[in-house]
Amino acid sequence: MMTETVSIVKYTSSPESLKKSIELCDGFKSLRPSDHVMIKPNLVAWDDQFPITPFGVYTTTRLVEDLIICLKDFGCSNITIGEGSVQIKKNMGTFAAFEGLGYKTLEKKYGITLVDFNKSKAEEFPYHGDNKLFIAKEAIENDFFINFPVLKTHGQTKVSLGLKNLKGCLKLKSRRHCHKPESGLEFAFSHIADFIKPSLTIIDGIYALEKGALHFGNAYRKDVIIASQDILAADLVGAQSIGYAGKDINHFKYFAKRHDRSLTINDDDIKGEKINDHIQPLKWDWTWTKDNTGPGIFEKLGVTGVALPKYDDTLCSGCSPIANMTSILALSAFKGQPLANVEILNGKKMQARPGYDKTVLLGNCMIKANRNNKNIKKAVLATGCPPSENDVVAAMTSAGLDVNILAYYGFMKQQSEKYNGKKGYDKEFFTVK
Ligand code: SF4
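Residues in the sequence shown are numbered consecutively from 21, following the numbering used here.
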């Protein structure tokens with residue numbers, strides 16, 4: 021029987037703070053020492069070329085180690101950590117993230133097992149009519165699933181907490197299914213928790229991320245841990261702590277409606293710290309020009325000519341780095357004069373608007389979606405799923421934009437180094453001694 025108790029604990033030391041958060045929500049109530057425990061952190065993607073700053077992006081390795089210690093103290097010895105990181109660069113999959121964040125050391129130190137859900141066999145789960153989700157077998161076949169997301173915002177779903185973290189248990193074809201216009205991203209992934217049913221959700225709020233995800237967000241030190249046996253209750257409190265009410269978040273609403281649940285949390289259900297002492301509103305989105313021709317910075321700098329409509333929720337993780345890249349590349353082409361009259365489209369459902377000399381279609385989905393679009397005078401294609409960096413540069417150049425890839429590399433390097441030397445941003449949280 022689930023309880024909706026949620027604990028809020030200030031992080032002060034390891035492993036005591038995490039231990040307290042689990043005790044306050046009775047998080048190990050249904051755990052038995054003989055159980056096979058699966059821990060699902062958030063190791064969203066790995067980039068060796070421009071390292072993603074880990075703060076607010078990845079579950080801290082420190083808290084994952086603390087959790088292993090708590091489980092071992094309880095008598096558990098069969099512990100697996102599973103994740104399916106998005107591969108944004110060749111050979112940079114889940115095990116690159118495991119390696120980079122110290123999990124290989126955890127494996128040796130504690131005798132745990134690491135699993136790449138991308139390589140797992142799948143189990144099929146029908147939902148809502150003819151739809152299906154394919155979930156990694158190991159995410160289903162365990163006795164006690166611990167969902168371990170980060171406290172962060174997200175450019176498509178506003179927040180990315182417990183419900184969203186489970187998307188990393190899907191096989192690639194199902195992740196893409198979630199981003200199909202007819203599926204509806206938040207509606208689709210809100211079903212995963214119906215099949216996985218986490219026994220415990222712990223939100224790692226040592227850092228919280230604004231305008232997530234990956235390289236571009238702003239991380240804040242927050243030092244809070246939120247935990248509950250109930251995934252929705254944990255998410256509601258997590259969201260509230262960064263300024264969002266349950267009714268603001270569509271995937272909460274879908275989940276709550278199916279399970280006949282309320283979207284409000286009773287203060288009496290919160291144990292430990294008071295929620296009001298930990299609220300720090302964080303923005304989830306970048307501003308865009310009024311006529312939807314580019315990020316707000318275009319207006320500020322007077323960039324005209326080129327049009328980059330705002331990405332939508334059909335843009336899947338494979339193409340999302342490319343969407344950001346095109347904005348930086350367009351800026352690199354700007355020398356104070358109007359740019360070529362070009363529209364650049366991404367995702368799966370954008371439609372070319374009239375009035376542009378050329379239309380750059382990024383990725384196979386966009387090419388297919390605009391195959392018969394009569395507004396296009398001349399299409400420039402970047403094929404691929406996702407298209408390569410070189411093909412994107414080539415397409416933009418061929419559309420008449422004098423882009424400079426070095427400007428993009430410089431920007432990415434700056435993003436990778438933005439917290440260097442800053443107080444409170446301690447990379448030791450992502451290493452194992
Ligand atoms: S082309 Fe891009 S948006 Fe389409 S499925 Fe591939 S990665 Fe996703």
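Note that the Cβ used here is the ideal one computed from N, Cα and C, for glycine as well. Being a predicted model, the structure only gives us computed values, none of them experimental.
>> Within a Cβ cutoff of 6 Å, which residues of the same chain sit near Leu51, ignoring the five residues on either side of it in sequence?
In response: Phe164
> What residue does the beta strand (DSSP E) around Arg391 start on, and which one ends it?
Replying inline: Premise fails: Arg391 is in no beta strand (DSSP E) and is neither H nor E.
> What does Glu103 pair with, by DSSP beta-bridge criteria?
Replying inline: Paired residues: Asp136.
> Among residues of its own chain, excluding the 5 on either side of Met22, which ones have a beta-carbon nearer than 8 Å to its beta-carbon?
Replying inline: With a pLDDT of only 47 at Met22, under the threshold of 50, the placement of this residue in the model should not be trusted; the figure read from the coordinates follows. Hits under 8 Å: Gln249 and Asp250.
>> Suppose you measure from the CA of Ser34 to the CA of Arg82; what does that come to, to the nearest Å?
In response: 8 Å
> Any heavy atom of the ligand SF4 closer than 8 Å to the CB of Arg391?
Replying inline: No; taking the cut-off as 8 Å, the Cβ of Arg391 has no heavy atom of the ligand SF4 nearer than that.
>> Please state whether the Cβ-Cβ distance between Thr80 and Tyr227 is less than 9 Å.
In response: yes
> According to the Cβ coordinates, are Val326 and Glu363 closer than 9 Å?
Replying inline: yes
>> Going by C-alpha to C-alpha distance, which of Val135, Glu119, His56 and Lys109 sits closest to Asn98?
In response: His56
>> If I follow the unbroken alpha helix (DSSP H) through Phe115, where does it start and stop?
In response: Thr114 to Gly120
>> Need the endpoints of the beta strand (DSSP E) that Arg241 sits in, please.
In response: Asn238 to Ser248
>> My output table needs one value for Met21: the three-state DSSP class, helix, strand or coil.
In response: For Met21, the predicted model reports a pLDDT of 39, less than 50, meaning its position is unreliable; a value from the coordinates is still stated below. Coil at Met21, not helix or strand.
> What first and last residue would you give for the alpha helix (DSSP H) that runs through Leu252?
Replying inline: That run of the alpha helix (DSSP H) goes Ile251 to Ser261.
> If we count the other Cβ atoms within 10 Å of its Cβ and call it buried at 16 or more, is His279 buried or exposed?
Replying inline: exposed
> Exposed or buried, which one is Gly113 when buried takes at least 16 other CB atoms within 10 Å?
Replying inline: Buried: at least 16 other Cβ atoms inside 10 Å.
> Would a C-beta distance cut-off of 9 Å place Leu382 and Leu365 closer than the cut-off?
Replying inline: yes
>> I'd like the list of long-range same chain contacts for Ser436, defined as Cβ closer than 6 Å, with 5 residues on each side in sequence excluded.
In response: Phe70 and Pro71
>> Quick test of your reading: His271 and Ser210, contact by CB under 8 Å. State the CB separation rounded to the nearest angstrom.
In response: 4 Å
> Where do the N-terminal and C-terminal ends of the alpha helix (DSSP H) with Tyr274 fall, by residue?
Replying inline: Asn270 to Arg278
> Comparing alpha-carbon positions, which option in Gly232, Gly225, Thr177 and Tyr130 lies nearest Leu205?
Replying inline: Thr177
> In the structure shown, what three-state DSSP assignment does Ser340 receive?
Replying inline: helix
>> I'd like to know whether the C-beta atoms of His148 and Phe207 end up nearer to each other than 9 Å.
In response: yes
> What are the partner residues of Gly292, as DSSP defines its beta bridges?
Replying inline: Ile28
> Between the beta-carbon of Val452 and the beta-carbon of Lys129, is there less than 9 Å?
Replying inline: Yes, they are a contact pair.
> By the 10 Å Cβ neighbour count, where 16 or more other Cβ atoms means buried, how is Asn185 classified, buried or exposed?
Replying inline: Answer is buried; the Cβ neighbour count reaches 16.
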